[in-house]
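Working notes, structure below.
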Amino acid sequence: MDFVTVHKTRDPIDAELVKNQLEQAEIGAFIPEANSPMPVLSGVRVQVAEADKDRAMEVLGLDELPK
């Protein structure tokens with residue numbers, strides 16, 4: 002299964018809020034760096050399955066994916 006990043010941040014709390022927003026819309030989401038010892042340095046991504054990309058972008062109000 003392929004995954005796409007729909008949100009990038011340096012704030013783990015922000016990432017969790019976005020993940021929860023997606024899950025409330027019944028879109029499976031995960032944070033690959035959830036157990037990273039220093040997420041502020043590496044950044045934190047919220048990812049969804051490729052098949053859920055369009056719905057996730059709609060829920061988050063995105064016109065394009067983060068780079």
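Those letters in the sequence shown? Residues 2 to 68, per our numbering, in order.
Idealized CB from N, CA, C, for every residue including glycine.
Remember, predicted model here, so these are calculated numbers, not experimental data.
Closest residue to residue i among the options (Cα-Cα distance)
i   : options            : result
G29 : M58, R11, S43      : M58
L42 : L63, E17, Q22, R11 : R11
K54 : S37, A26, N36      : A26
M2  : L61, K68, Q48      : Q48
N-terminal and C-terminal residue of the beta strand (DSSP E) that residue i is part of
i   : result
K54 : Taken as a continuous stretch (DSSP letters only), K54 belongs to no beta strand (DSSP E), being part of the alpha helix (DSSP H) at 54-61.
R46 : 45-50
Reduced DSSP secondary structure (H/G/I, E/B, other) of residue i
i   : result
A26 : coil
K9  : strand
Environment of residue i [buried if 16+ CB atoms lie within 10 Å]
i   : result
I14 : exposed
A52 : exposed
K20 : buried
A35 : exposed
L23 : buried
Interface flag, residue i vs chain B, CB-CB below 7 angstroms
i   : result
D64 : Any reference to chain B falls outside this structure, which holds one protein chain only.
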